[in-house]
Structure formats: structure tokens, C-alpha cells
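Notes for the one structure printed next.
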Amino acid sequence: MRNSTPSHTDSKIKNYYRFHSHIYDITRWSFLFGRTSLITMIPDLPPQPRILEIGCGTGKNIEQLEYHFPDAVIVGMDMSTEMLRKARNRLQPSENIRLVNNPYGRVSLNLDQFDLILLSYSLTMFQAPVDDIFNHLHQDLKPGGYLAVVDFHTSRFPWFRQWMEINHVNFDGHFLPLLKKYFIPSQIKTHRAYLGLWTYFQFIGRQVYKL
Ligand SMILES: C[S@@+](CC[C@H](N)C(=O)[O-])C[C@H]1O[C@@H](n2cnc3c(N)ncnc32)[C@H](O)[C@@H]1O
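If you count the sequence shown from 1, position 176 lands on 176 in the UniProt record's numbering, and the numbers rise without skipping.
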């Protein structure tokens with residue numbers, strides 16, 4: 001699957017967002033569907049929950065998370081300095097929000113575990129091996145913690161899949177089956193975009209208590 005060297009593949013994503021950070025918010029509403037509704041699907045969390053968004057980009061979801069979970073401590077992580085700069089400009093300064101410039105999935109985080117991890121259109125961009133990503137997610141979630149994911153799923157049009165691959169998006173359709181295998185699903189929805197040009201999914205699952 002992803003087998004280029006880590007520094008090479010990570011720098012491709014960073015370079016991509018160096019430019020795209022400037023047009024991200026004015027363009028992505030037209031194809032990154034299901035982000036706002038995913039947040040409304042998240043179940044109640046314990047008081048003062050710890051929330052991590054991996055690949056938080058320009059901070060759109062963090063704003064929503066703050067609204068729905070006002071007492072939460074929220075960590076937004078992204079490998080792109082430029083995307084995080086946009087997030088810093090968007091978000092009101094708060095001691096409950098921390099933004100971390102870090103590539104996820106290769107080394108362990110030195111952070112306490114989380115009640116909720118959100119992956120919004122970032123899972124299909126990760127360049128680290130899938131097994132490593134899932135192992136890290138298990139390590140970083142508290143027992144019984146929730147994972148909420150929205151992302152591209154499949155397309156039956158090869159030209160479209162190739163176009164998305166050029167934009168660093170994996171369209172193999174293998175993430176939803178893996179999420180169902182490694183987490184206890186509580187809600188799964190799949191949707192068609194643009195009359196079936198592609199499908200995308202929303203997934204809420206729970207960390208197993210013991211591996
Ligand atoms: C399509 S954007 C999604 C941004 C945001 N979550 C949203 O829903 O608008 C994907 C983001 O994931 C980040 N990203 C990709 N791979 C990453 C990794 N391994 N670790 C951290 N961030 C990553 C990119 O830099 C980019 O900001």
C-alpha cells in the first residue's frame with residue numbers, strides 16, 4: 001500500500017497544503033461532505049472530555065466540537081504548519097485548546113489518552129502503514145473511548161480514483177471494513193455524492209476494553 005519513505009511521503013502532503021491552505025475553506029465545502037453532521041452524531045461524553053482531532057486542518061471541526069462539548073479539552077494535530085496557522089487564526093484563544101504540529105501514526109504521542117478521537121477526511125491521506133495507524137489509535141483512545149470518522153469511501157470511476165490519488169487521497173475503500181473490525185461500531189452511514197460519483201462514510205465506533 002503506502003511504501004515510500006516516511007520523510008518523502010510526509011513532505012508531499014506538507015507541500016500540497018502549503019498552497020491548498022490558502023483556498024481550503026473556500027473550496028472544501030463543495031466536496032468534504034458530512035463533517036458537521038458527524039459531530040452531531042457523537043454520543044454524550046464524560047464530563048471534561050479529552051478530544052483529539054487528527055489532521056485538524058484549518059480548525060473548522062474544532063469550532064464545532066467546542067460548541068457541542070464546551071467543557072472539553074481539545075487537541076488539534078496536523079502535520080501542515082500552514083493549515084495549523086489558519087486554525088490558529090480561526091479559533092478564539094483558549095486554555096482548553098491545544099494545536100500540535102505533528103505527523104500522526106509513526107511515533108507514539110506523549111499525551112494522555114482521549115475520550116474521543118475525530119478523523120475528518122484525514123484517514124485516507126495518512127501515509128503511514130495502516131496497521132501502525134490502527135495500533136496508534138488503540139493506544140491513544142481510553143478504554144471505551146469513541147472514534148468518529150468521516151471520509152471518502154469508494155468510486156466506481158477509475159479516472160476519479162486516479163485524480164484523487166494525485167491529490168493524495170486513498171480511494172481503495174478498505175478503511176470502513178477495517179474500522180468495523182478494529183472498533184465496536186455504534187453508527188455507520190454511507191452516502192452518495194454527486195449522483196454516485198463517489199461515496200463517503202460516517203463511522204462512530206468504540207474502543208474495545210481489552211485487546
Ligand atoms: C482534507 S484535510 C481535513 C482537515 C479537517 N479535518 C477538515 O475536516 O476540514 C486533511 C488534513 O490532514 C492532515 N494530515 C494528513 N496526514 C496527516 C498525518 N499523518 N498527521 C497529521 N496530519 C495529517 C493534512 O495536513 C490536512 O490538514
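Beta carbons: idealized from backbone N, C-alpha and C, even for Gly. All figures in this text were calculated on a predicted structure; none of them were measured in a lab.
- Query: Under a Cβ-count criterion, where at least 16 other Cβ atoms within 10 Å of its own Cβ denotes burial, should Met1 be classed as buried or exposed?
  - Reply: As a working note, residue 1 is residue 1 in the sequence shown. With a pLDDT of only 40 at Met1, under 50, the local geometry of the prediction cannot be trusted, and the value read off the model is given with reservation. Exposed, since its Cβ has fewer than 16 Cβ neighbours within 10 Å.
- Query: Three-state secondary structure (DSSP) at Asn15?
  - Reply: Position 15 of the sequence shown, counting from 1, holds the residue named residue 15. In this structure, Asn15 counts as helix in the three-state DSSP scheme.
- Item | Pick from Thr58, Met79, Ile42 that is closest to Asp25, judged by C-alpha positions | Position 25 of the sequence shown, counted from the first residue, corresponds to residue 25. Among Thr58, Met79, Ile42, the Cα nearest to that of Asp25 belongs to Thr58.
- Message: Could you tell me which whole beta strand (DSSP E) segments of length 3 or greater appear in the region 122-186?
- Response: 141-152
- From Gln202 to Pro177, what does the alpha carbon distance come to, in whole angstroms? In the sequence shown, counting from the first residue as 1, residue 202 sits at position 202. In the sequence shown, counting from the first residue as 1, residue 177 sits at position 177. The straight-line gap from Cα to Cα measures roughly 12 Å.
- Query: Does DSSP classify His68 as helix, strand or coil?
  - Reply: In the sequence shown, residue 68 corresponds to position 68, counting from 1. Helix at His68.
- Message: I'd like to check one pair, Gly173 with Thr154: are the Cβ atoms closer than 8 Å?
- Response: Within the sequence shown, numbered from 1, the residue matching residue 154 stands at position 154. Within the sequence shown, numbered from 1, the residue matching residue 173 stands at position 173. Going by C-beta atoms, Thr154 is nearer than 8 Å to Gly173.
- Tell me the DSSP bridge mates of His191? In the sequence shown, the residue the question calls residue 191 occupies position 191. DSSP lists Tyr200 as partners of His191.
- beta strand (DSSP E) containing Met79: first to last residue? For this step, residue 79 is matched to residue 79 along the sequence shown. Element bounds for Met79: n/a, residue is neither H nor E.
- Does any heavy atom of ligand 1 sit closer than 7 Å to the C-beta of Pro103? Taking the first residue of the sequence shown as 1, we reach residue 103 at position 103. Yes, Cβ of Pro103 sits closer than 7 Å to a heavy atom of ligand 1.
- Query: Measuring from the CB of Met125, is there a heavy atom of ligand 1 at a distance below 7 Å?
  - Reply: Counted from its first residue, the sequence shown places residue 125 at position 125. Correct: Met125 has its Cβ closer than 7 Å to ligand 1.
- Query: Between the region 71-81 and the region 136-144, do at least 3 Cβ pairs fall closer than 8 Å?
  - Reply: no
- If you drop the 5 nearest sequence neighbours on each side, which residues of the same chain put their C-beta closer than 7 Å to that of Leu109? If you number the sequence shown from 1, residue 109 lands on position 109. So the list reads Asp140, once near-sequence residues are dropped.
- Determine which residues share a DSSP beta bridge with Ser120 and list them. For the purposes of this step, residue 120 is identified with residue 120 of the sequence shown, where counting begins at 1. DSSP lists Val150 as partners of Ser120.
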